[in-house]
Structure formats: C-alpha cells, structure tokens
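What follows is a set of notes on a single structure, which appears directly below.
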Amino acid sequence: MSRLQTLREALNHAPDNTALLLLYGHACLDELHLEEAREIFGRILNLEPEHIEAQLCQAKVLLLQGDTSGAAVRVERVLQKDALNTSAHLTLSRIHLTENNRNKALEYYNRALELDASVSDSALEADLGRIPKPPAKDRIISPLDLLDEDTHSDLEQELFEDPFDDTPPYEWRPETFFAPNDSERFRVTFSDVGGMDALKEEIRLKIIYPLQHAELYKAYGRKSGGGILLYGPPGCGKTLILRATAGEVACNYFAIGLHEVFDPYYGSIERNLHQIFETARANAPCVLVFDEIDSLAPDRRHVRDSQMRNVVNQFLSELDGLRSDNQRILVIGATNSPWQLDPALRRPGRFDQAIFVPPPDDDARKQIIHLLGKDKPIAKLDDAALIQATAGFSGADMRWVFDRATELALADALHSGKTVPIHHDLLLKIAQNHSPSTQAWLDGVNQHTPTAHQDALYNEVRKFIQAIPKK
Ligand code: ATP
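Here's what the structure looks like:
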C-alpha cells in the first residue's frame, strides 16, 4: 500500500486528527496532488484557524497553483502572529520572485538569513542571482523547489531531468500524441471536414507528399515542414482540421494544449516550449500543432510583462530552429485573433503562410450537411433550402442546428414510444431562427485599423466580406 493510501486509511478512523491530517497534507504536497493537499490543509485550518504550519503549507499549495496573492495573504497572516518565522520569510521571498519582484524577494531572503543563518537555500539564492546559477542542465526553477530538499530530490530527478539538455530520448509527451501506427489517430480524417480543399492540399504538399515521395522531393531540392497559420472566425473548423491532419499524416503528431505550456514559475514556460520543440525534432518527421497560438505569441509591443516577452522570444527562436534543425517539422498554429500576434511570427521560415479559414461556402455547407446528417433518421432532406438558410453559418452553428433538431425529435420519440425522423422542416425552422455566430467576428474586422504587417491578413478577410451577397 502506498504512503498516501496508508495515511488515507488511518484518517478514515481519525478524521479530525490534526497531526495525521498534517502528515497526509505533506504527502499530497510531496506528490503534487495539489487539490487534495489544499483540501487537507483547509480542513486543519477549519479545526485550528491559527495553525502556523498548515497556513504555510497552504501558501505553498496556492503558490504552486499560481495564486501568488492568495499565498502571500496566508504567509503574512503567519508573520503577524510570528514575525520571526524563517520559513514564512523564505516562502514570501519565493512568492515575490514568482511575481518578478526581485528586490522584495531579496529583502525577505536576507531577513530569513539574519534570523537563522542555517536556513540558506541555494536554489533560491541562485534564482535571486546572489550566487551564479549552475548550468541549466542541473538547475531549473521547478515547483519542487518549494518542497524540502530531501523529500523531493528523487521526484525532481524523475520529472525534470535535463530540461535544456538536447540529448534524446525525451520522456515527455503531450496529452495528444500519435505515433504513425496509432489506431486512435484515424478516427478523424479530412473526409470529416467539409470544404477547406485548398488548406487540405497545402497540408498534403508540406508533409504528406514529401513523406510519400521522398526521392522526388529530394531530386527537386524541395524540403518538407515549415509553418502554417490558420486564422478565422470561431467555429469554422480550425481545430477540426488540425485534428483531422493526424488522421491523414503517417508521421508523429503532437497537439499541444496551452495548459501543457503555461506554468506559474519563472522561466518554466520557456523551458516547456524548448522541450516541446526538442521532442518534435527528436521525433521528426512530425506535425506540431498549437491551437490558440495568440496566447503564446502575443504582440510584444503590447505586452508589459517581461516574462511574457521572454516567452515570445523563446517561441520565435524555437521556430527558427537556431539551435537545431527544424526541417521535417510542420508547425501548424490556429487563432481567432491573428491581429494580436507578434509580427515577427510571420517572418520567412516561421509562419510564412497564413490561411484564412472563412465560414463555409455553399459547397462546404452541403458537405457539412451530409456529414452532420449521416447516421441520423432524416426525412425529406432538401439540401438546397438548407444551404440557403445556413448562409454565413459556421460549421459549429450548423452542428448546433442538427443537435437541436435531434433533441426535439428524440423528445417526440420518447413521448410516442416510436422512432420519429428528424424532418427537414424542423431543421429549416431552427436554422431560420438562428443568427450566424461568425457575424460578430466579421464586424470586428471592419472596425479595426490594420497596421502595415497585418494588411495581408485583413485583405483576405475584406475580400471575403465584400464577396458576401447583400440582402
Ligand atoms: P475556435 O476558433 O472557436 O476554436 P474552430 O474554428 O477551431 O473554433 P472547431 O472547434 O473546429 O472550430 O469547430 C467546432 C465544431 O463545428 C466541430 O467540432 C465540427 O463539429 C463543426 N465544424 C466546424 N467546421 C466544420 C467543417 N468544415 N466540417 C465539418 N464540421 C465542422
């Protein structure tokens, strides 16, 4: 039985035993079960509101969860009761450092040492710049820095070994990773995406054909890989085509969730980005996908936070592959807000190709209607009328129409006890009463004044808007 399980069992017999709760809370913190640790320290504080150790541990949990203000409130409460508490000073130092307030962080660290010289913390000192940082290979800022040295050394080694060491193999994998023969990856393919023929062909050209016809590409001196930026209004299938790319491309596929990149600790986002690209390079040929890329590469001129600027710099440098070879990696990014991206992202060799993903045209809507109607009992479907009624709709709007009609038909079936088909008139009525969700996005474009570098993006959208028939 694991240590956690043993303690959990013991707690079942003595749920209000503070010492036991504290032990269990520490065990959860050691294993980074943060929600559980938070709940346990909360229980102790309910029983003993002034419990100093529980307050400090709760502060560490909050800090690990990125809530620096919540953590600071807890620590300051401890210092009001016990102004000489060295552990509180050290934790406050770490909190200020996380908030980028180095002077304050130093102040609290020095105060802790004045109170007790034996509490010196070499990792914190290095992060504060008081002693030279060991090479990145040995030294990274990790959440585990907050835990006691002897309790986390094994875990630290296991989790964060050599984050900037470029030697494969890399243990880390994103949640969405498909190896070439993964059966799961073929669940969605290009045939599940209505329209977008030009985009599908571009993806084939950049990664599928080079893999299938390696010799031919070599003969013509053409390389695979590169960057494609997809942009357009919400719900028009950007995420869907990213997912379908996995089903088409017989190479490694990594889709990166933002939660896998973002991290409250200083320097960690850059490290995570580096690791992601290194993993891709070590597993080339591959497709590397970043949905909602604007969160990772916002325009640096509008970013006040220096950490975020570092993140953008890191992202750009990884895209350049300055340190390594990015050939045979196709990076695809998607965004609803291309105007918010850093212009440097569009330089040659990065996302030099931007593809507007508009609301589906008549042909694409016809395909989507057939995809959505597949496997459903639909009576008297009249494509033409429905195509007309869904003009301007996103794929997501169209899915909503079909989902709503299915719900209503199902409710009828439940009442009558027999299968009730989804009648075409019902689909039509729902569509006619729904306003396309893409309109707000298109209106927003009209209100924007583009800067020079955004012109090309805006032109595409404007051309699309101008081609919409006036009612
Ligand atoms: P957002 O920018 O808000 O993330 P998005 O452009 O990524 O939106 P998706 O999430 O891919 O849009 O689309 C939402 C849903 O709408 C899809 O899961 C799918 O059911 C449907 N859909 C959208 N476009 C298409 C399409 N071209 N073909 C088939 N289904 C589509």
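Here numbering that gives the first Met the number 0 is used: the first residue of the sequence shown is 0, the next is one more, and so on. Yeah, the Cβ is synthetic: ideal placement off N, Cα and C, and Gly gets one too. Since the model is a prediction, treat every value here as computed from it, not as a measurement.
Unbroken alpha helix (DSSP H) run spanning residue i, endpoints
i, result
"glycine 394", "394 to 415"
"valine 260", "257 to 260"
"alanine 333", "Taken as a continuous stretch (DSSP letters only), alanine 333 belongs to no alpha helix (DSSP H), being part of the beta strand (DSSP E) at 328 to 334."
"isoleucine 368", "361 to 372"
"valine 311", "305 to 319"
"valine 248", "That residue, valine 248, is in no alpha helix (DSSP H); it is neither H nor E in DSSP."
"tyrosine 208", "208 to 211"
"arginine 287", "The residue you asked about is not arginine; residue 287 is leucine in the sequence shown. Counting along the chain, leucine 287 falls outside any alpha helix (DSSP H), though it belongs to the beta strand (DSSP E) covering 285 to 289."
"threonine 67", "67 to 80"
"threonine 5", "2 to 12"
"threonine 17", "17 to 29"
"threonine 278", "267 to 281"
"valine 187", "Per DSSP, valine 187 belongs to no alpha helix (DSSP H) and is neither H nor E."
"aspartate 126", "121 to 127"
"glutamate 201", "196 to 202"
"histidine 490", "Given a span of 0 to 470 for the chain in the structure shown, any question on residue 490 remains unanswerable."
Neighbourhood of residue i by C-beta, 6 Å cutoff - its chain only, sequence neighbours within 5 removed
i, result
"alanine 58", "Ala70, Arg73, Val74 and Thr90"
"lysine 205", "Gly225 and Leu329"
"valine 444", "Val460"
"arginine 2", "Ala26"
"isoleucine 429", "Val400, Arg403 and Ala404"
"leucine 229", "Lys237, Ala333, Ile354 and Val356"
"alanine 116", "none"
"proline 209", "Tyr216 and Ser223"
Cβ-based burial, residue i [other Cβ within 10 Å; buried from 16]
i, result
"leucine 522", "Since the displayed the chain opens at 0 and closes at 470, residue 522 lies outside it and no answer follows."
"glutamate 174", "exposed"
"glutamate 183", "exposed"
"arginine 172", "exposed"
"glutamine 4", "exposed"
"phenylalanine 185", "exposed"
"glycine 236", "buried"
"leucine 96", "buried"
"arginine 303", "exposed"
"leucine 385", "buried"
"asparagine 11", "exposed"
"glutamine 465", "exposed"
"isoleucine 467", "exposed"
"glutamate 247", "buried"
"alanine 408", "buried"
"leucine 441", "buried"
"arginine 345", "buried"
"proline 435", "buried"
"glutamine 431", "exposed"
"glutamine 446", "exposed"
Cβ-based neighbour list, residue i, same chain, cut-off 7 Å, excluding 5 preceding and 5 following
i, result
"alanine 283", "Arg327 and Ile328"
"glutamate 475", "With the chain covering only 0 through 470, there is no way to say anything about residue 475."
"aspartate 341", "Ala296, Pro297, Asp298, Arg299 and Val311"
"leucine 22", "Leu6"
"aspartate 120", "Leu89"
"alanine 243", "Val187, Thr188, Phe189, Asp191 and Val192"
"lysine 365", "Asp382 and Ile386"
Whether residue i touches residue j by CB criterion (8 Å)
i, j, result
"isoleucine 367", "proline 359", "yes"
"leucine 272", "glutamate 317", "yes"
"threonine 334", "glutamate 291", "yes"
"alanine 26", "leucine 55", "no"
"leucine 20", "isoleucine 43", "yes"
"glycine 234", "glycine 394", "yes"
"leucine 427", "alanine 353", "no"
"tyrosine 252", "phenylalanine 177", "yes"
"cysteine 250", "valine 286", "yes"
"threonine 389", "proline 232", "no"
"isoleucine 255", "isoleucine 331", "no"
"histidine 423", "lysine 379", "yes"
"leucine 62", "arginine 37", "no"
"glutamate 34", "threonine 67", "no"
"arginine 101", "leucine 127", "yes"
"aspartate 396", "serine 336", "no"
"leucine 105", "leucine 83", "no"
Cutoff 8 Å; reference residue i; Cβ partners in own chain excluding five residues on either side
i, result
"glutamate 47", "Thr17 and Ala53"
"alanine 412", "Thr418 and Val419"
"valine 118", "Thr85, Ser86, Leu89, Ala111 and Leu112"
Residue range of the unbroken beta strand (DSSP E) whose run includes residue i
i, result
"cysteine 235", "Note, cysteine 235: premise wrong, no beta strand (DSSP E); not H, not E."
"tyrosine 473", "Past the boundaries of the shown model lies residue 473; the chain is included only from 0 to 470, so the question cannot be answered."
"threonine 97", "No beta strand (DSSP E) holds threonine 97; the alpha helix (DSSP H) holding it covers 85 to 97."
"isoleucine 354", "352 to 355"
"phenylalanine 177", "175 to 177"
> Between the stretch 302 to 312 and the stretch 180 to 200, do three or more beta carbon pairs fall short of 8 Å?
Replying inline: no
>> Can you confirm whether the stretch 207 to 217 touches the stretch 367 to 376 when touching is taken to mean that 3 or more C-beta pairs between the two stretches lie within less than 8 Å?
In response: no
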